[in-house]
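Novice:
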Amino acid sequence: MKTESPHNEETVLKGIPASPGIAIGPVFVFLRHAPVIEERSILTEEVERELGRLEQAIARSHKELRKILEFAEKKLGEDKVKIFEAQLMFLEDAVLFDAIYARIRSELKNPEFVVHDEIGKYHRIMLASKDEYTRERANDVEDVRNRILRNLQEQRAISRLEGSSVIVSQNLTASDTVILSRNEVLGYATDLGGITSHTALLSRALKIPAVVGLKTISHTARDAERVVLDGYSGVVVLSPTEETVKRYEAKRASYHEFEARLTGLRDLPAETLDHHRVELSVNVEFEQELEFIKLQGADGIGLYRSEYLIVGKEVFPSEEEQFNQYKLLAETMYPKRVIIRTFDIGGDKMMAESAKENNPFLGWRGIRVMLDKPDLFLEQLRAILRASARKNVALMFPMISNLKEVRRARKLLDEAKHQLRKEGIPYDSRIKVGVMVEVPSAAVIAEDLAEEVDFLSIGTNDLIQYLLAVDRGNDVVSSLYQEFNPAVVRFLRRIIDRGKKKGVWVGMCGEMAGDPLATILLLGLGLDEFSVVPNMLPEIKKIIRGVKYSEAQKIARHVLKMKTEDEIKAHLKSMMKKKFPDIPIG
Amino acid sequence: MIQCEVTIKNRAGLHTRPAALLVKLAAKYKAEFFIEKDGIEINGKSIIGVMTLAAEQGSKLLLRFSGEGEEEACQALVDLFGRGFDEK
Chain A
25 MKTESPHNEE
35 TVLKGIPASP
45 GIAIGPVFVF
55 LRHAPVIEER
65 SILTEEVERE
75 LGRLEQAIAR
85 SHKELRKILE
95 FAEKKLGEDK
105 VKIFEAQLMF
115 LEDAVLFDAI
125 YARIRSELKN
135 PEFVVHDEIG
145 KYHRIMLASK
155 DEYTRERAND
165 VEDVRNRILR
175 NLQEQRAISR
185 LEGSSVIVSQ
195 NLTASDTVIL
205 SRNEVLGYAT
215 DLGGITSHTA
225 LLSRALKIPA
235 VVGLKTISHT
245 ARDAERVVLD
255 GYSGVVVLSP
265 TEETVKRYEA
275 KRASYHEFEA
285 RLTGLRDLPA
295 ETLDHHRVEL
305 SVNVEFEQEL
315 EFIKLQGADG
325 IGLYRSEYLI
335 VGKEVFPSEE
345 EQFNQYKLLA
355 ETMYPKRVII
365 RTFDIGGDKM
375 MAESAKENNP
385 FLGWRGIRVM
395 LDKPDLFLEQ
405 LRAILRASAR
415 KNVALMFPMI
425 SNLKEVRRAR
435 KLLDEAKHQL
445 RKEGIPYDSR
455 IKVGVMVEVP
465 SAAVIAEDLA
475 EEVDFLSIGT
485 NDLIQYLLAV
495 DRGNDVVSSL
505 YQEFNPAVVR
515 FLRRIIDRGK
525 KKGVWVGMCG
535 EMAGDPLATI
545 LLLGLGLDEF
555 SVVPNMLPEI
565 KKIIRGVKYS
575 EAQKIARHVL
585 KMKTEDEIKA
595 HLKSMMKKKF
605 PDIPIG
Chain B
117 MIQCEVTIKN
127 RAGLHTRPAA
137 LLVKLAAKYK
147 AEFFIEKDGI
157 EINGKSIIGV
167 MTLAAEQGSK
177 LLLRFSGEGE
187 EEACQALVDL
197 FGRGFDEK
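Chains as they are written, first to last, in this note's numbering: chain A, 25 to 610; chain B, 117 to 204.
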């Protein structure tokens with residue numbers, strides 16, 4: 025299939041950024057054929073030989089998996105190793121293999137067929153399960169089955185690559201991702217998968233750039249074709265022009281350069297030339313990011329997405345487990361503040377119970393789920409409170425759309441406090457409470473919300489999506505998703521003004537907060553806190569430190585009068601080019 | 117043959133770790149051991165079988181034992197369910 029000449033036209037694909045970094049290099053298309061299984065009868069005198077063949081295949085599979093496990097233990101956290109332990113347990117299931125041996129003897133069929141058929145029964149049941157966890161395990165069962173079948177057919181696993189390359193595949197299993205990383209893998213690009221897929225989780229842990237959810241890249245890409253992979257933005261460029269390569273090399277270099285200059289910038293405050301100080305903090309998903317964040321000198325964690333505690337886990341984390349995680353964050357960052365957002369689940373995110381909704385973004389998600397699950401919610405609130413004993417923890421509620429939800433959530437918080445007091449467990453009795461403003465109705469009543477909380481944090485991704493009625497995951501309309509739409513800019517001003525008038529601070533933790541093109545505008549609108557992806561922190565800090573607040577306010581006033589997004593963007597771009605020519609703008 | 121009904125108390129349900137504990141404990145007894153849930157019956161000594169049950173917190177299971185040591189086996193397994201698989 026690799027006979028066609030590589031297309032030399034540049035092709036840009038957009039996927040989901042799964043692991044940060046920029047990779048430039050040749051493609052290696054990693055194909056995983058579903059094994060071809062033929063049903064064959066065997067003679068009675070062949071039975072022993074066939075059984076021996078199967079035994080050997082199982083033993084070899086066992087050895088392979090052990091190796092992967094050992095390697096994974098060294099390179100990844102304990103959590104990630106569980107995937108492989110489960111696979112080993114399947115391989116050691118005596119009941120299963122006794123049944124397979126017995127069938128080969130009685131039915132006189134070849135082992136390939138029997139293994140495929142017998143394990144297939146379980147695979148099918150698990151795949152059809154309502155329980156998401158069980159469906160995920162079905163992939164592990166299939167992975168084990170294919171491993172045995174491959175060993176039966178005496179094919180070797182591809183685990184050695186020539187030179188360094190970007191792995192392109194339809195989907196990678198956990199073991200593929202780990203095993204391939206023993207080579208010099210520059211990056212991973214897959215058709216399938218979301219931010220919570222095995223490829224995404226493991227590539228982050230392995231610190232290899234990755235983009236997932238590219239839909240068709242495994243068909244489009246050719247072996248040895250040059251590719252640029254941007255794990256920050258999710259863009260993958262096949263057969264890039266020299267100019268594109270140069271642009272990404274520059275982007276990569278500028279990140280490296282920034283990293284080098286971090287030490288200089290790290291201890292300086294996010295303060296304008298005329299000494300207006302804002303808070304510059306970071307969004308965090310995984311504890312593995314903490315080291316990096318400390319290096320960058322963030323003012324704190326502006327958004328900890330607690331739902332990532334659930335990702336890849338088989339159970340809802342217990343209060344104790346949550347407490348340990350929150351405490352780790354609070355202690356690592358101390359005395360800087362950590363804002364923990366309570367579970368934002370539902371919508372497109374996990375949880376076995378979430379039955380398919382026609383319109384998940386308008387469905388059962390965020391605070392709606394947690395208010396319906398007061399027991400789970402109480403446990404989370406207790407865990408957060410317990411971690412707040414040293415007074416550097418705050419919490420906020422996602423997806424608030426009316427005041428009643430805030431009151432109900434606060435009531436549960438009071439109950440959690442009451443319980444802890446009775447039990448004599450220390451916590452911060454004056455813990456700061458905020459809400460996310462990401463539903464238009466919350467923006468409209470920002471002043472009322474501000475009366476009942478300590479801060480507002482604007483979640484731009486959802487806010488823009490809801491305000492403009494655009495699903496940005498929908499390619500047909502995604503160009504209508506506009507951060508600089510005049511309606512968005514005016515809406516932001518409204519939230520910031522109303523909040524501040526009521527005496528609370530207003531922050532932003534959506535993607536827009538980390539967009540260099542938006543920084544001066546947001547500053548001028550009076551935003552008090554920017555919570556950004558860790559990689560963007562140095563750039564944003566540099567911009568803030570390079571302007572006067574009075575000038576930013578003037579620019580914001582000017583922009584507020586503009587009537588189209590094009591006008592606003594053009595204005596901001598030309599200004600940035602003049603003031604900060606070395607900062608790359610998307 | 118004896119049988120008894122149990123309810124899953126622990127949060128995880130019969131996920132990997134509890135399933136492994138269950139299978140390991142069952143293997144200590146000679147008695148045959150089957151689990152039935154929603155009309156599906158699987159061998160309780162098979163981890164892959166136990167996991168296909170997708171038994172969550174609150175589900176009811178029918179445990180069936182027959183053969184040597186069935187009483188003791190039943191006692192031990194019911195006890196394991198009762199302790200919620202020693203989940204913290």
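The beta-carbon is built from N, C-alpha and C at its ideal position, and this holds for glycine as well. Quantities reported herein were computed from a predicted structural model and do not represent experimental measurements.
#1: In three-state DSSP terms, what is A42(A)?
#2: Considering only the alpha carbon of each residue, which of V139(A), K99(A) and M532(A) lies closest to L327(A)?
#3: If contact means a Cβ-Cβ distance below 8 Å, which residues of the region 150–163 of chain A contact chain B?
#4: Taking the alpha-carbon positions, what's the L253(A) to G160(B) distance?
#5: Taking only three categories from DSSP, how would you classify S502(A)?
#6: Leaving out five residues before and five after E97(A) in sequence, what residues of the same chain have Cβ atoms less than 6 Å from its Cβ?
#7: In this structure, does DSSP put C190(B) in helix, strand or coil?
#8: CB F385(A) to CB D495(A), shorter than 9 Å?
#9: Going by DSSP, what residue range makes up the alpha helix (DSSP H) through N175(A)?
#10: Would you identify the three-state DSSP class for I334(A), choosing helix, strand or coil?
#11: Interface residues of chain B around Y272(A) at Cβ under 8 Å?
#12: Pull up the distance between the alpha-carbon of E62(A) and that of E74(A), whole angstroms please.
#13: Could you check whether the Cβ of G155(B) sits closer than 9 Å to any Cβ belonging to chain A?
#14: Tell me whether D298(A) sits in a helix, a strand or coil according to DSSP, three-state version.
#15: Is Q119(B) helix, strand or coil by DSSP?
#16: Let's see if you can read the secondary structure: which residues bound the beta strand (DSSP E) around S14(A)?
#17: Distance, Cα to Cα, R517(A) vs L549(A)?
#18: Flag this pair as yes or no: are the beta carbons of G324(A) and I364(A) separated by less than 9 Å?
#19: For K397(A) and chain B, any beta-carbon pair shorter than 9 Å?
#20: In the DSSP assignment, find the alpha helix (DSSP H) that holds Y146(A) and state where it starts and stops.
#21: Can you name the residues of chain A whose CB is closer than 8 Å to the CB of S175(B)?
#22: According to DSSP, is D195(B) part of a helix, a strand, or is it coil?
#23: May I ask which residues mark the beginning and end of the beta strand (DSSP E) holding G211(A)?
#24: Look up E148(B) in the DSSP assignment and give the residues it is bridged to.
#25: List, in chain order, every chain A residue whose beta-carbon is nearer than 8 Å to that of K161(B).
#26: Compare the C-beta of I619(A) against all C-beta atoms of chain B and say whether one is closer than 9 Å.
#27: Using 8 Å as the threshold, is the region 40–51 of chain A in touch with the region 229–243 of chain A, meaning 3 or more CB pairs across them?
#28: Quick one: what does DSSP say E553(A) is sitting in, helix, strand or coil?
#29: To the nearest angstrom, how far is it from the Cα of S205(A) to the Cα of I151(B)?
#30: Based on the DSSP secondary-structure assignment, which residues constitute the bridge partners of A47(A)?
#31: Which word fits R431(A), buried or exposed, when buried means at least 16 other C-beta atoms lie within 10 angstroms of its C-beta?
#32: Would you check if the distance between the CB atom of V417(A) and the CB atom of D452(A) is smaller than 9 Å?
#33: With a threshold of 9 Å between beta carbons, is M117(B) in contact with chain A?
#34: Hey, does V139(A) have any beta-carbon neighbour from chain B nearer than 9 Å?
#35: Exposed or buried, which one is G534(A) when buried takes at least 16 other CB atoms within 10 Å?
#36: Could you name the residues that DSSP lists as bridge partners for T35(A)?
Specialist: According to the structure shown:
#1: The residue labelled residue 42(A) in the question sits at position 18 within the first sequence. It is a strand residue.
#2: Here residue 327(A) refers to the residue found at position 303 of the first sequence. Minimum Cα distance to L327(A) is reached at M532(A).
#3: M150, S153, K154, D155, Y157, T158 and R161
#4: Counting from 1 along the first sequence, the entry for residue 253(A) is found at position 229. Counting from 1 along the second sequence, the entry for residue 160(B) is found at position 44. Answer to the nearest angstrom: the Cα atoms are 48 Å apart.
#5: Reading the first sequence from its first residue, position 478 is the one you call residue 502(A). Here S502(A) sits in helix by DSSP.
#6: As a first step, residue 97(A) is located in the first sequence; it is residue number 73 there, counting from the start. Excluding sequence neighbours, E97(A) sits near V105.
#7: On the second sequence, position 74 is the one that residue 190(B) refers to. Note: C190(B) maps to helix in three-state DSSP.
#8: What you label residue 385(A) is simply residue 361 of the first sequence in a count that begins at 1. What you label residue 495(A) is simply residue 471 of the first sequence in a count that begins at 1. Taking 9 Å as the Cβ cut-off, F385(A) and D495(A) qualify as a contacting pair.
#9: Here residue 175(A) refers to the residue found at position 151 of the first sequence. Segment E156 to L176, the alpha helix (DSSP H) holding N175(A).
#10: Counting from 1 along the first sequence, the entry for residue 334(A) is found at position 310. Here I334(A) sits in coil by DSSP.
#11: Indexing the first sequence from 1 puts residue 272(A) at position 248. In chain order: nothing, as chain B lies at least about 41 Å away.
#12: Residue numbering aside, residue 62(A) sits at position 38 when the first sequence is read from its first letter. Residue numbering aside, residue 74(A) sits at position 50 when the first sequence is read from its first letter. One C-alpha to the other measures close to 15 Å.
#13: As a working note, residue 155(B) is residue 39 in the second sequence. Not closer than 9 Å to any Cβ of chain A, the Cβ of G155(B) fails to qualify, so no.
#14: Taking the first sequence and counting its residues from 1, one reaches residue 298(A) at position 274. Here D298(A) sits in coil by DSSP.
#15: Position 3 of the second sequence holds residue 119(B). Note: Q119(B) maps to strand in three-state DSSP.
#16: Here chain A has residues from 25 to 610 only, and residue 14(A) is not among them.
#17: Your numbering for residue 517(A) matches position 493 in the first sequence. Your numbering for residue 549(A) matches position 525 in the first sequence. Looking at the two C-alpha atoms, the distance is approximately 6 Å.
#18: The residue given as residue 324(A) occupies position 300 in the first sequence. The residue given as residue 364(A) occupies position 340 in the first sequence. Not closer than 9 Å, so no.
#19: Taking the first residue of the first sequence as position 1, residue 397(A) is located at position 373. K397(A) does not count as touching chain B.
#20: Position 122 of the first sequence, counted from the first residue, corresponds to residue 146(A). Its alpha helix (DSSP H) spans residues P135 to L151.
#21: The sequence position of residue 175(B) within the second sequence is 59, counting from 1. Within chain A, no residue comes near S175(B); the closest Cβ sits about 10 Å away, beyond 8 Å.
#22: The sequence position of residue 195(B) within the second sequence is 79, counting from 1. Looking at D195(B) - three-state DSSP - the assignment turns out to be helix.
#23: Translated into positions along the first sequence, residue 211(A) becomes position 187. Note, G211(A): beta strand (DSSP E), V209 to T214.
#24: Taking the first residue of the second sequence as position 1, residue 148(B) is located at position 32. E148(B) pairs with S182(B).
#25: Numbered from 1 along the second sequence, position 45 holds the residue referred to as residue 161(B). Per Cβ cutoff of 8 Å: A118 and V119.
#26: There is no way to answer for residue 619(A), as the model of chain A reaches only from 25 to 610.
#27: yes
#28: Position 529 of the first sequence, counted from the start, is the residue given in the question as residue 553(A). Strand at E553(A).
#29: The residue you call residue 205(A) lines up with position 181 of the first sequence. The residue you call residue 151(B) lines up with position 35 of the second sequence. Cα to Cα, S205(A) sits roughly 41 Å from I151(B).
#30: Position 23 of the first sequence, counted from the start, is the residue given in the question as residue 47(A). In the DSSP output, where bridge partners are listed per residue, A47(A) has L253(A).
#31: The residue labelled residue 431(A) in the question sits at position 407 within the first sequence. Answer is exposed; the Cβ neighbour count stays below 16.
#32: Here residue 417(A) corresponds to residue number 393 of the first sequence, with the count starting at 1. Here residue 452(A) corresponds to residue number 428 of the first sequence, with the count starting at 1. Yes, they are a contact pair.
#33: To locate residue 117(B), count along the second sequence from 1; it is residue 1. Answer no: the Cβ-Cβ gap between M117(B) and chain A never drops below 9 Å.
#34: For this step, residue 139(A) is matched to residue 115 along the first sequence. By this cut-off, V139(A) is not an interface position.
#35: Translated into the one-based positions of the first sequence, residue 534(A) becomes position 510. Result: buried.
#36: If you number the first sequence from 1, residue 35(A) lands on position 11. For T35(A), which the question treats as bridged, DSSP gives the partners L262(A).
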